[in-house]
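Beneath this line is the structure, given in structure tokens, with notes to follow.
Residue numbers (this note's numbering): 6 to 331.
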């Protein structure tokens, strides 16, 4: 029976679409199902668990001997040599890289050609070849002198006395590092918008002031992560100085492995762990340096690992309270 116009309709007679829905507080949003992610996570956990179990239970690794060698004075002395070589080579490489990058952008074609040739040469020649060549440099030039070019010498040096093992290692690594650092610095300088150069020139600022106060601070945001990546490679490259008779960390481990053949595997694990510690420390420094130079480029600074842990813990607690309330 049809209702006259304007007649009231009860809720019981209303169609299903007109029925009031559940309160929003009682509704629960179901997350999107991701079976592929759960399967990949399970596979990754199984693989990691198997690797950890193999490392812990395989007697071939000899973890008791690892603990014995880890803090031995011989290993620590080699570690100090590694740190010294890496630090000095990094300073030499960065200074040389900055000079080469500036020469590459110079208006002089000679400077550009010399910079390009240097970078091309040292990026092409393997580092071990550079170190061995420098180690035998005294066979080519027994003396080095300072004086008038192509003329008389005022001061003469005995090359064999100057070229100690440490000197050869630092110079070899520094020369090689400078070639790569030059490209890193040049890429950072090119990343600065051309309008910044034009604005600084329009204000009549001196070239040196433009570079140190306007161009370089902006370029460092691009230079820092790439150059720190180079430093990590440099720390690992110090293992090659063993071939020029310098007992760094790897050289000390190799020497002890020759003396104690049964401890070769734990000694290699000692070197591996120390290199992991060194590269991890460099990575931590990289994070905070990048965070420092990110000021002014981002609205909010990236959170530190401690801040991320606190945020994750807070989110976990909030989720537990929400599930308990439901």
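All C-beta atoms in this analysis are idealised placements derived from N, C-alpha and C, irrespective of residue type, glycine included.
Small disclaimer: the values here were computed from a predicted structure and weren't measured.
Three or more C-beta pairs below 8 Å linking the region 208-215 and the region 135-149: no
Close beta carbons around residue 16, own chain, < 6 Å, minus the five adjacent residues each side: Mapped onto the chain shown, residue 16 falls at position 11. Any answer about residue 16 is weak, because its pLDDT of 47 lies below 50 and its placement is not dependable; what the coordinates show is given next. Correct list: empty, nothing qualifies.
Cβ neighbour criterion (16 or more within 10 Å) applied to residue 191: In the chain shown, residue 191 corresponds to position 186, counting from 1. Classification for residue 191: buried.
Cutoff 6 Å; reference residue 177; Cβ partners in own chain excluding five residues on either side: Sequence index remark: in the chain shown, residue 177 carries index 172 (1-based). So the qualifying residues of the chain are 135, 136 and 139.
Beta-carbon proximity list for residue 13, same chain, < 7 Å, skipping 5 on both sides: Mapped onto the chain shown, residue 13 falls at position 8. Note on residue 13: pLDDT 49, under 50, position unreliable in the model; no value is reported.
Delimiting residues of the alpha helix (DSSP H) encompassing residue 99: As a first step, residue 99 must be located in the chain shown, where it is residue number 94. Unbroken alpha helix (DSSP H) run through residue 99: 78-109.
Residue 168 burial status per 10 Å Cβ neighbour count (16 or more: buried): One-based indexing of the chain shown puts residue 168 at position 163. It is buried - the Cβ of residue 168 has at least 16 other Cβ atoms within 10 Å.
Outcome for residue 228 when other beta-carbon atoms lying within 10 angstroms are tallied against a minimum of 16: Numbered from 1 along the chain shown, position 223 holds the residue referred to as residue 228. By the neighbour-count rule (16 or more Cβ atoms within 10 Å), residue 228 is buried.
Three-way DSSP call (helix, strand, coil) for residue 161 in this model: Within the chain shown, the letter at position 156 stands for residue 161. Strand at residue 161.
Residue 151 - containing beta strand (DSSP E), residue span: Along the chain shown, read from residue 1 onward, the residue named residue 151 stands at position 146. It spans 148-152 - the beta strand (DSSP E) in which residue 151 sits, taken as one unbroken run.
Close beta carbons around residue 222, own chain, < 6 Å, minus the five adjacent residues each side: Stepping through the chain shown from its first residue, residue 222 is reached at position 217. Result list for residue 222: empty, nothing under 6 Å.
Nearest neighbour of residue 122, chosen from 87, 270, 183 and 152 [CA to CA]: On the chain shown, position 117 is the one that residue 122 refers to. When each option's Cα is compared against that of residue 122, the closest is 183.
Chain-order list of residues whose beta-carbon lies under 6 Å from that of residue 19 (same chain, five-residue window excluded): Position 14 of the chain shown holds residue 19. Bear in mind that the predicted position of residue 19 carries a pLDDT of just 49, short of 50, making it unreliable; the figure below should be weighed with that in mind. Within the same chain, residue 19 has no close Cβ partners at all.
Rounded separation between residue 71 and residue 202 - CA only: Numbered from its first residue, the chain shown carries residue 71 at position 66. Numbered from its first residue, the chain shown carries residue 202 at position 197. Approximately 56 Å, taken between the alpha carbons.
Validate contact between the region 225-245 and the region 34-52 using beta carbons, cut 8 Å, 3 pairs: no
Where the alpha helix (DSSP H) containing residue 281 begins and where it ends: Counting from one through the chain shown, the residue named residue 281 turns up at place 276. Residues 269-298.
Cα-Cα separation, residue 90 to residue 175: Here residue 90 refers to the residue found at position 85 when the chain shown is read from its first residue. Here residue 175 refers to the residue found at position 170 when the chain shown is read from its first residue. Distance between the alpha carbons of residue 90 and residue 175: 6 Å.
Spatially closest choice to residue 146 from 104, 161 and 231, by CA coordinates: Along the chain shown, read from residue 1 onward, the residue named residue 146 stands at position 141. For the residues 104, 161 and 231, the minimum Cα distance to residue 146 belongs to 161.
The region 255-262 touching the region 66-83, judged by at least three CB pairs closer than 8 Å: yes
C-alpha gap between residue 319 and residue 40, whole angstroms: Working through the chain shown from its first residue, we reach residue 319 at position 314. Working through the chain shown from its first residue, we reach residue 40 at position 35. Each residue's Cα considered, the two are about 26 Å apart.
Nearest-angstrom Cα separation, counted from residue 292 out to residue 313: Working through the chain shown from its first residue, we reach residue 313 at position 308. Working through the chain shown from its first residue, we reach residue 292 at position 287. Near 14 Å, if we compare the C-alpha coordinates of residue 292 and residue 313.
Residue closest to residue 253, alpha-carbon to alpha-carbon, out of 78, 181, 127 and 296: By one-based count along the chain shown, residue 253 stands at place 248. Checking every option, the nearest Cα to that of residue 253 belongs to 78.
Distance CB(residue 74)-CB(residue 198) smaller than 8 Å: On the chain shown, residue 74 is found 69 positions in, with the first residue counted as 1. On the chain shown, residue 198 is found 193 positions in, with the first residue counted as 1. Their beta carbons are not under 8 Å apart, which means residue 74 does not touch residue 198 by this criterion.
Contact belief for residue 102 with residue 220 at Cβ below 8 Å, rounded distance in angstroms: Counting from one through the chain shown, the residue named residue 102 turns up at place 97. Counting from one through the chain shown, the residue named residue 220 turns up at place 215. At roughly 16 Å, the Cβ-Cβ gap does not stay under 8 Å, so residue 102 and residue 220 are not in contact.
Minimum C-alpha distance to residue 250 - residue among 180, 173 and 234: For this step, residue 250 is matched to residue 245 along the chain shown. Answer by Cα proximity: 173.
Segment limits, alpha helix (DSSP H) that includes residue 230: As a position in the chain shown, residue 230 is number 225, starting the count at 1. Residues 221-242.
Coil, strand or helix - residue 112 by DSSP: Mapped onto the chain shown, residue 112 falls at position 107. Looking at residue 112 - three-state DSSP - the assignment turns out to be coil, as it is neither helix nor strand.
Residue interval of the alpha helix (DSSP H) (run including residue 209): Taking the first residue of the chain shown as 1, we reach residue 209 at position 204. First-last for residue 209: undefined, no H or E at that position.
Alpha-carbon spacing of residue 76 relative to residue 310, whole angstroms: Taking the chain shown and counting its residues from 1, the one referred to as residue 76 is at position 71. Taking the chain shown and counting its residues from 1, the one referred to as residue 310 is at position 305. Approximately 29 Å between the Cα atoms of the pair.
Within 8 Å, strictly: CB atoms of residue 194 and residue 106: As a first step, residue 194 must be located in the chain shown, where it is residue number 189. As a first step, residue 106 must be located in the chain shown, where it is residue number 101. Closer than 8 Å, so yes.
Own chain partners of residue 196 with C-beta closer than 7 Å, once the 5 adjacent residues on each side are dropped: Mapped onto the chain shown, residue 196 falls at position 191. Only 224 and 227 meet the Cβ criterion.
Buried versus exposed call for residue 54 [16 or more other C-beta atoms within 10 Å across all chains shown]: As a first step, residue 54 is located in the chain shown; it is residue number 49 there, counting from the start. The residue is exposed, with fewer than 16 neighbouring Cβ atoms inside 10 Å.
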